[in-house]
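Presented below is the structure to which this report refers.
Protein chains in written order, with this note's numbering: chain A, 4 to 360; chain B, 4 to 407.
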């Protein structure tokens with residue numbers, strides 16, 4: 004009996020990890036205030052005050068760092084901490100006296116405090132070259148370079164509204180890149196190079212054909228072997244074929260790079276949720292610091308910060324001023340690539356005379 | 004003892020700067036882990052060559068589960084033998100990502116002994132990601148995780164690990180108990196989570212209010228977003244206090260209302276709640292004065308996903324308002340009918356949102372026995388191409404009566 008395999012038991016119950024002040028005030032929170040960058044207080048109907056201190060993290064964490072977080076949680080808040088949906092770490096304090104010493108310790112550890120209210124929170128991102136087979140760019144490196152440059156906007160609250168940046172290293176988008184104020188998206192630009200030698204051993208040919216959303220892949224005999232051919236002019240570089248068949252690689256150092264998207268949002272506040280739209284079709288992969296990407300993003304952030312009204316998110320601002328003005332103000336060249344030619348593209352054409360000059 | 008570190012001039016550049024450095028993290032791990040040492044070498048190579056070196060995963064996992072482990076191998080195993088296998092383990096996070104230090108330490112201890120010492124806190128779907136181990140370590144890791152009550156998460160064509168915002172634990176805006184619901188759903192669908200049997204993945208995300216802090220409307224096949232039916236609760240004295248303290252209620256609050264359902268006469272704020280769209284803006288900027296109403300529940304939306312294959316989708320309304328109380332039977336019955344239909348009719352790698360696009364929302368609703376309501380559409384159709392399924396023949400008149 005004791006050897007019986009335990010399965011399907013699910014995650015530990017969350018109540019085990021809630022500090023007493025949260026258990027006592029669960030569902031009774033009345034309001035909250037941001038006290039300073041990275042620090043907020045939640046006040047309960049009971050009068051209890053819970054202080055949260057939010058610090059940046061690199062998402063990729065060693066167990067040494069997690070243990071260091073645990074030490075800080077033990078020292079200042081009974082061992083209780085949490086992580087946010089954007090990879091920040093938060094410490095849950097019931098004693099306000101511990102806030103400043105904790106912030107000092109976090110800084111010593113290399114983790115700036117901030118990311119609340121009208122700031123840029125941490126960048127949601129993917130694995131990139133650290134762990135992914137389909138990456139068209141690295142993730143952690145681009146994020147590190149961009150956030151080193153934008154750090155002041157994390158640690159201060161000087162923006163008109165929230166700004167959410169996300170990065171996905173390929174079109175699979177393991178992250179809400181498609182609905183971010185600024186999205187960094189790794190892209191391929193060379194059609195798959197078919198490994199005719201091995202494809203028939205590795206892949207189901209009908210599945211490979213069927214995987215292509217534009218029907219660019221057809222079964223073919225090549226060199227006496229069953230394989231596929233790619234109608235290259237139909238390829239839009241989605242890499243879905245590669246996902247189902249390893250013999251169709253698209254990654255290519257000469258042609259892979261990054262595209263920049265703007266104006267998406269997830270929250271329902273004011274404007275309904277929106278998809279991000281293409282701003283810059285291509286920037287090169289230039290490790291280790293991707294200077295073209297960091298510069299482009301700083302320009303976008305500052306342009307929005309200078310011109311948006313209070314609370315106006317990137318997409319709300321652009322919608323108000325219109326896309327032609329956005330392109331004029333940003334200096335980004337409008338090109339053929341910006342015009343949609345996938346399904347329902349016509350819905351994105353300008354169908355009125357509401358134009359600014 | 005780990006071997007000496009490879010030369011990594013490009014990665015070393017990313018140890019500089021004010022943002023926390025992932026390179027420092029890998030180097031911290033490399034003090035003890037040969038896997039982290041080889042990862043540094045391989046990553047430096049990717050930085051030089053501008054290309055990744057990871058291959059498609061094979062099928063690896065733990066006995067009895069079809070998901071939870073992502074197989075990963077590098078394409079230069081002779082050069083980087085310590086990471087020839089570098090499988091990811093997804094561990095189901097506690098709801099709301101709350102931890103106590105002892106639980107986190109127990110995971111660290113397992114991972115120090117049996118993996119690369121590197122993690123993601125957390126992955127995009129919400130799991131704890133244990134990044135990089137060998138096939139023969141998978142069973143021992145699962146056994147040890149089990150001893151400290153952590154189970155694996157989802158992967159492949161199954162229910163992916165559900166996630167939620169911190170809800171009632173630390174937010175005054177939670178319109179239902181997101182953490183409890185997330186936990187209850189995770190437990191109810193354990194079989195569907197661990198044993199992939201769907202056409203493709205299915206994600207649940209639970210947000211307590213329309214601010215949607217877990218991005219459920221963009222990232223979940225089923226988005227469960229808290230809302231309320233009655234009036235916004237207002238503390239008039241607190242509104243006055245905001246005005247007194249310098250808030251321009253007209254421009255900051257009233258002018259930003261998408262429904263134009265508020266007015267401010269300089270003394271009193273009036274909200275015409277029957278026109279309120281529950282956007283949260285006024286509540287967000289005056290949290291001491293305004294709160295969601297008391298008749299709370301959730302809006303259920305269906306179908307969001309990233310672009311692959313047929314284009315990105317946002318979730319759209321399935322149920323405008325539902326009370327979120329255990330055992331959630333009305334909702335789980337609908338989920339059962341959705342899964343039954345999608346498993347039967349869905350194509351391989353077709354998300355439920357794409358399936359709905361293909362068969363039509365009207366037909367989909369009919370099949371899952373949900374009545375169409377105007378809340379489901381931004382506007383009615385603009386084209387006249389209705390697929391009427393039946394028509395009358397001469398002499399049919401009155402036949403409807405007779406059928407009754």
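All C-beta atoms in this analysis are idealised placements derived from N, C-alpha and C, irrespective of residue type, glycine included.
The shortest C-alpha to C-alpha distance from residue 282(A) to any of 304(A), 263(A), 86(A) and 61(A) is the one to 263(A). In the three-state DSSP reduction, residue 128(B) falls in the coil class, being neither helix nor strand. Linking residue 312(B) to residue 301(B) through their CA atoms gives a straight-line distance of about 29 Å. In the three-state reduction of the DSSP assignment, residue 328(A) falls in the helix class.
A Cβ of chain B is located within less than 8 Å of the beta carbon of residue 276(A).
For residue 232(A), no CB of chain B lies under 8 Å from its own CB, so it is not counted at the interface with that chain.
Excluding residues up to 5 positions away in sequence, 237, 238 and 239 lie with their Cβ nearer than 8 Å to the Cβ of residue 217(A) in the same chain. Against chain A, the CB of residue 377(B) has no partner CB under 8 Å away; the residue lies outside that interface. Following the DSSP letters along the chain, one finds residue 225(A) in no alpha helix (DSSP H) but inside the beta strand (DSSP E) bounded by residues 220-225. Judged by beta-carbon spacing, residue 250(B) lies beyond the 8 Å limit of residue 257(B), meaning their Cβ atoms are not closer than that value.
Contact annotation for residue 188(B) against chain A: no contact, minimum CB-CB distance about 10 Å [criterion: below 9 Å]. A straight line joining the alpha-carbon of residue 19(B) with that of residue 152(A) spans about 11 Å. For residue 167(B), the three-state secondary structure derived from DSSP is strand.
Taken in chain order, the members of the region 178-205 of chain B whose beta-carbon sits within less than 9 Å of a beta-carbon on chain A are 180, 182, 183, 185, 186, 189, 190, 193, 194, 196 and 197. Here DSSP, grouped into helix, strand and coil, assigns residue 145(B) to helix. For residue 96(A), the enclosing beta strand (DSSP E) begins and ends at 92-96. By the rule that beta-carbons nearer than 8 Å mark a contact, residue 96(B) touches chain A. Pairing residue 304(B) with residue 321(B) gives a Cβ-Cβ distance under 8 Å.
Counting C-beta pairs closer than 8 Å gives fewer than three between the region 268-282 of chain A and the region 202-217 of chain A, which falls short of the contact rule. In the three-state reduction of the DSSP assignment, residue 377(B) falls in the helix class. In the three-state reduction of the DSSP assignment, residue 264(A) falls in the strand class, which pools E and B. Using a Cβ-Cβ cut-off of 8 Å, residue 299(A) does not count as an interface residue toward chain B, since no Cβ of chain B sits closer than that to its own. The beta-carbon distance between residue 131(B) and residue 124(B), rounded to whole angstroms, is 7 Å. This is short enough to meet the 8 Å contact definition.
Runs of the alpha helix (DSSP H) lying entirely within the region 25-84 of chain B, each at least 4 residues long, are 25-33 and 37-52 in chain order. Secondary structure at residue 205(B): strand, using DSSP grouped into helix, strand and coil. Neighbourhood of residue 315(B) in chain A, by CB distance below 7 Å: 181 and 278, in chain order. The residue from 174(B), 41(B), 33(B) and 167(B) with its alpha-carbon nearest to that of residue 295(B) is 174(B). The secondary-structure analysis by DSSP pairs residue 304(B) across a beta bridge with 226(B) and 320(B). For residue 291(B), at least one C-beta of chain A is nearer than 8 Å to its own C-beta. 164, 166, 168, 169, 170, 171, 172 and 173: these are the residues of the region 161-173 of chain B whose beta carbon lies less than 9 Å from some beta carbon of chain A, given in chain order. Beta-bridge partners of residue 272(B) (DSSP): 267(B).
Beta-bridge analysis with DSSP links residue 232(A) to 221(A). Not a single CB atom of chain B sits nearer than 8 Å to the CB of residue 79(A).
Listed by position along chain B, the residues whose Cβ is nearer than 7 Å to that of residue 269(A) are 215, 218, 220 and 221. Counting along the chain, residue 137(A) sits inside no alpha helix (DSSP H), nor does DSSP assign it H or E at all.
Residue 236(B) has 294(B) as its beta-bridge partners, per DSSP.
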